[in-house]
Amino acid sequence: MKHTQGERNLKMSGKVVCIATDKMGHGNDELGSKLMKAFVYALTEAEELPSHVLLYNGGAYLSQEGAETVEDLKKLEEKGVEILTCGTCTEFFNISETVAVGAITNMYEIVEICTEADSVIRP
């Protein structure tokens, strides 16, 4: 189905995106950071949105004040995607007070969301 910009019919899917690091792939960290930013941006442009983006371990840094991904995560949230950051992770990294988008959650909710999902995507 072809859509022009502004005419796309966005819909939520049973997909969940789990992000466990602030970089995508292995090798060069600078490139990995650029790839992760591009991945999160590409999610905002997807015709079929995930129901959730779950951020844990190093991925928790993506929801922090000043992170290059915050604006795109906010766009996803505005479109109805639930953005959740692991509370154990934010406490471990001492960043709980700087979460700039979404909400802080716990592992019980992360497990529940993942087990109820049609599919889990890990970039």
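With my numbering applied, the sequence shown corresponds to residues 31 to 153, in that order.
Glycine included, each C-beta is placed from N, C-alpha and C at the ideal position.
Residue range 59-75 is occupied by the alpha helix (DSSP H) that includes VAL70.
Contact check for ILE134 against GLY117 passes: the beta carbons are separated by less than 8 Å. The alpha-carbon separation between GLU107 and VAL70 amounts to approximately 12 Å. Contact holds between the segment 87-102 and the segment 122-140, because three or more Cβ pairs, one in each stretch, are under 8 Å apart. Here the alpha carbon of GLY88 sits roughly 15 Å from the alpha carbon of MET137. For VAL150, the enclosing beta strand (DSSP E) starts and ends at 149-151. In the DSSP assignment, ILE49 falls within the unbroken beta strand (DSSP E) covering 45-49. Counting the other CB atoms within 10 Å of its CB gives THR145 a total below 16, which places it among the exposed residues. Contact annotation: LEU73 and VAL47 have beta-carbon atoms nearer than 8 Å. Put simply, the backbone Cα of LYS104 is about 14 Å away from that of LEU84. The beta-carbon distance between GLY62 and LYS53, rounded to whole angstroms, is 3 Å. This is short enough to meet the 8 Å contact definition. Residue state for GLU107 is assigned as helix, using DSSP reduced to three classes. Boundaries of the alpha helix (DSSP H) around VAL141: 137-146.
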